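Colleague:
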Amino acid sequence: MEKIITNDYNLKDEDMTELVVRVKILLINSNNEILLGYSHNEYQCPGGHVEEGENLISAINREVQEETGIELNIKDAEPFACSIGYYKDWPAVGKNRKIEIYYYEIKTDEKPNLANTKYTESEKKGNFELRYIPIENVENEFIKNAEIYEDKHGIAKEMLKVFKIYKNIN
790 MEKIITNDYN LKDEDMTELV VRVKILLINS NNEILLGYSH NEYQCPGGHV EEGENLISAI
850 NREVQEETGI ELNIKDAEPF ACSIGYYKDW PAVGKNRKIE IYYYEIKTDE KPNLANTKYT
910 ESEKKGNFEL RYIPIENVEN EFIKNAEIYE DKHGIAKEML KVFKIYKNIN
């Protein structure tokens with residue numbers, strides 16, 4: 790598993806006051822298309838926070854179901870990449886947050902079932918929608934979208950790094 794480290798303040802694990810763990814899933818069908826969420830003018834892989842008492846695999850199954858309506862029932866999977874970010878005074882002064890995002894590739898031809906989704910209020914406000922993008926176009930789509938909308942949260946930049954890792958192992 791390859792790691793992407795962001796640590797602009799040279800923080801150490803012992804400096805962290807909070808840990809947030811997330812999973813993100815590259816859902817790829819047999820047509821070599823990836824299913825991405827699009828909300829607030831940003832593309833993202835389906836995924837989200839690992840809830841208390843939940844393991845990474847359970848989080849994959851839950852997040853994919855909540856955001857796509859697809860019921861995976863994955864029993865075992867290994868991440869191909871992990872993004873680890875160390876953030877000073879975030880989300881508030883005096884709080885230092887470490888964010889670990891584990892990226893998985895899941896192959897499935899299951900179609901989204903919008904009746905089975907559970908979008909957050911933020912996703913609803915951002916007009917969340919699902920889009921299939923051919924794998925060979927994904928990087929250009931992220932670049933184009935970041936140029937238009939300025940990649941305010943750094944998501945496109947991170948996703949480009951993740952896709953580079955993905956392409957190198959496939």
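Just so we're aligned, residue 790 is where the sequence shown starts under this note's numbering, counting upward by one. Just so you know, even glycine gets a beta-carbon here, dropped at the ideal spot from N, CA and C. Since this is a predicted model, take the numbers as computed values, not measurements.
Quick one, which of Lys914, Leu903, Tyr798 has its alpha-carbon nearest histidine 829's?
Modeller: On the sequence shown, residue 829 is found 40 positions in, with the first residue counted as 1. Closest option to histidine 829, Cα to Cα, is Lys914.
Colleague: Got a sec? Which residues, its chain only, sit under 6 Å from threonine 795 by beta carbon, not counting five neighbours each side?
Modeller: Position 6 of the sequence shown, counted from the first residue, corresponds to residue 795. Only Gly874 meet the Cβ criterion.
Colleague: Going by DSSP, which residues form a beta bridge with alanine 870?
Modeller: Taking the first residue of the sequence shown as position 1, residue 870 is located at position 81. The partner list for alanine 870 (beta bridge, DSSP) reads Glu791, Tyr892.
Colleague: Count the other C-beta atoms from every protein chain shown that fall within 10 angstroms of the C-beta of methionine 790, then say buried if there are 16 or more, exposed otherwise.
Modeller: Taking the sequence shown and counting its residues from 1, the one referred to as residue 790 is at position 1. Under this definition methionine 790 is an exposed residue.
Colleague: Residues in its own chain within less than 7 Å of valine 839 by CB, not counting five upstream and five downstream?
Modeller: Mapped onto the sequence shown, residue 839 falls at position 50. Closer than 7 Å at the Cβ level, and outside the excluded window around valine 839, lie Val810, Arg811, Val812, Leu845, Ala848.
Colleague: Any contact between the segment 892–901 and the segment 814–823? By contact I mean 3 or more CB pairs, one from each, below 8 Å.
Modeller: Yes, since at least three Cβ pairs between the segment 892–901 and the segment 814–823 fall closer than 8 Å, the two stretches touch.
Colleague: Spatial neighbours of glutamate 831 within its chain, please: C-beta separation below 6 Å, excluding the five flanking residues on both sides.
Modeller: Within the sequence shown, numbered from 1, the residue matching residue 831 stands at position 42. So the qualifying residues of the chain are Ile944.
Colleague: Applying the criterion that 16 or more other CB atoms from any shown protein chain within 10 Å of the CB defines a buried residue, is glycine 883 buried or exposed?
Modeller: Within the sequence shown, numbered from 1, the residue matching residue 883 stands at position 94. Looking at its Cβ environment, which holds fewer than 16 other Cβ atoms inside 10 Å, glycine 883 is exposed.
Colleague: In three-state terms, what does DSSP make of isoleucine 954?
Modeller: The count along the sequence shown starts at 1 and reaches residue 954 at position 165. Helix, per DSSP.
Colleague: How should lysine 887 be labelled, buried or exposed, when 16 other C-beta atoms within 10 angstroms of its C-beta is the threshold for buried?
Modeller: Numbered from 1 along the sequence shown, position 98 holds the residue referred to as residue 887. It counts as buried.
Colleague: Identify whether serine 847 lies in helix, strand or coil by the three-state DSSP scheme.
Modeller: Counted from its first residue, the sequence shown places residue 847 at position 58. Looking at serine 847 - three-state DSSP - the assignment turns out to be helix.
Colleague: Could you give the residue range of the alpha helix (DSSP H) that holds serine 960?
Modeller: With the chain covering only 790 through 959, there is no way to say anything about residue 960.
Colleague: With DSSP as the reference, please indicate the residues paired to leucine 825 in a beta bridge.
Modeller: Along the sequence shown, one-based indexing puts residue 825 at 36. According to DSSP, which records beta bridges pairwise, leucine 825 is partnered with Arg920.
Colleague: Tell me, please, which residues DSSP counts as bridged to tyrosine 875.
Modeller: Numbered from its first residue, the sequence shown carries residue 875 at position 86. Answer by DSSP bridge pairing, in chain order: Lys887.
Colleague: Between the segment 949–959 and the segment 852–868, do at least 3 Cβ pairs fall closer than 8 Å?
Modeller: Judged by Cβ distances under 8 Å, the segment 949–959 makes no contact with the segment 852–868, as fewer than three pairs qualify.
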